[in-house]
Ligand code: PHE
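In this note's numbering, the protein residues as written are 2 to 333.
Okay, here's the thing in structure tokens:
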């Protein structure tokens with residue numbers, strides 16, 4: 002009996018040691034300790050042994066079972082660990098294989114022009130100012146010398162916002178309300194430019210968009226004259242467009258400037274590009290900004306950034322600039 006037990010133990014241990022997976026180990030366990038295992042039958046046969054042999058045999062059998070079970074336990078832990086390690090290796094993401102050549106985008110044409118304009122004006126001593134896109138009727142019109150029912154209001158196809166008194170809130174139709182905010186914000190001398198988004202009830206076509214961008218300029222100081230305005234526009238033209246470009250002022254009318262002038266840029270081929278409006282700040286506008294027109298004078302100008310960008314990049318249709326078509330936009 003004892004020799005038989007040693008054989009059974011050796012067979013069970015061999016089966017356990019052979020198992021190379023948790024599944025194989027489960028079969029080895031059935032084989033070593035299951036219902037039909039030799040050790041299990043030996044246990045069953047204990048009863049048929051004479052009582053004086055039964056005690057030793059039972060003790061020996063228990064020891065064998067304990068050793069086999071301990072072996073099983075150790076092997077289970079072993080296999081579980083190596084299966085876990087194998088799974089980690091199999092599931093590992095090799096990040097070195099992610100392509101590193103990601104496509105890098107760039108600023109939109111309008112953003113490029115906007116930032117370049119800021120750079121040019123900052124280089125000339127201007128500060129950059131901002132105002133809200135949702136504006137009061139007062140800042141957009143009244144304070145700019147355009148009272149209610151003034152015919153100039155019709156020139157701006159205004160989009161009103163349903164907020165407060167009817168007609169009191171709107172999407173700014175130009176960047177000129179930032180003139181008022183700059184004057185109310187700070188004491189003269191004032192040298193600011195204000196680039197920003199403006200809105201008009203307009204149907205999009207090749208040269209108009211209902212949402213577009215302007216840059217406003219405002220100077221308020223002692224003894225400012227029309228000559229300073231003309232000189233500033235000329236200096237800007239050379240600095241932004243390059244040598245060979247010049248500018249001219251043409252008389253025009255704006256309620257917020259007096260006198261007022263449209264300004265054009267002459268391209269090296271001799272043709273003229275109408276760029277924007279300008280003029281000496283109207284005394285009523287200075288007063289609305291809390292500034293004494295007897296002591297201070299100033300000039301202002303404003304022009305469209307989108308058309309400037311379109312010209313610079315030779316884009317014929319403004320609508321193309323605002324598509325999301327990267328085949329188009331990535332050219333610039
Ligand atoms: N705000 C005017 C426009 O949108 C442009 C302008 C600005 C004219 C400043 C004169 C002075 O047309």
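For each residue, glycine too, the CB sits at the ideal point set by N, CA and C.
All values derive from a computational prediction rather than experimental measurement.
The DSSP assignment places complete alpha helix (DSSP H) segments of no fewer than 4 residues inside the region 150-175 at 153-156, in order along the chain. With 16 or more other Cβ atoms inside 10 Å of its own Cβ, residue 192 counts as buried. Spanning the alpha carbons of residue 284 and residue 294 requires a straight line of approximately 5 Å.
Distances from the alpha-carbon of residue 128 to those of 49, 195, 96 put 195 closest. Per DSSP, the unbroken alpha helix (DSSP H) holding residue 39 starts and ends at 39-46. Cβ-Cβ distances below 7 Å link residue 189 to 221, 222, 292, 297 in the same chain, with the five nearest sequence neighbours on each side left out; the list follows chain order. Cβ contact annotation for residue 247 (same chain, cutoff 6 Å, sequence separation greater than five): 267, in chain order. Classified as exposed, residue 88 has fewer than 16 neighbouring CB atoms from the shown chains inside 10 Å of its CB.
Only residues of its own chain outside the window of five on either side were considered, and among them 32 have a CB closer than 7 Å to the CB of residue 38, listed in chain order.
DSSP, read as helix, strand or coil, puts residue 204 in coil. In terms of Cβ geometry, residue 256 and residue 151 form a close pair [threshold 8 Å]. Between the alpha carbons of residue 145 and residue 186 lies a distance of about 16 Å.
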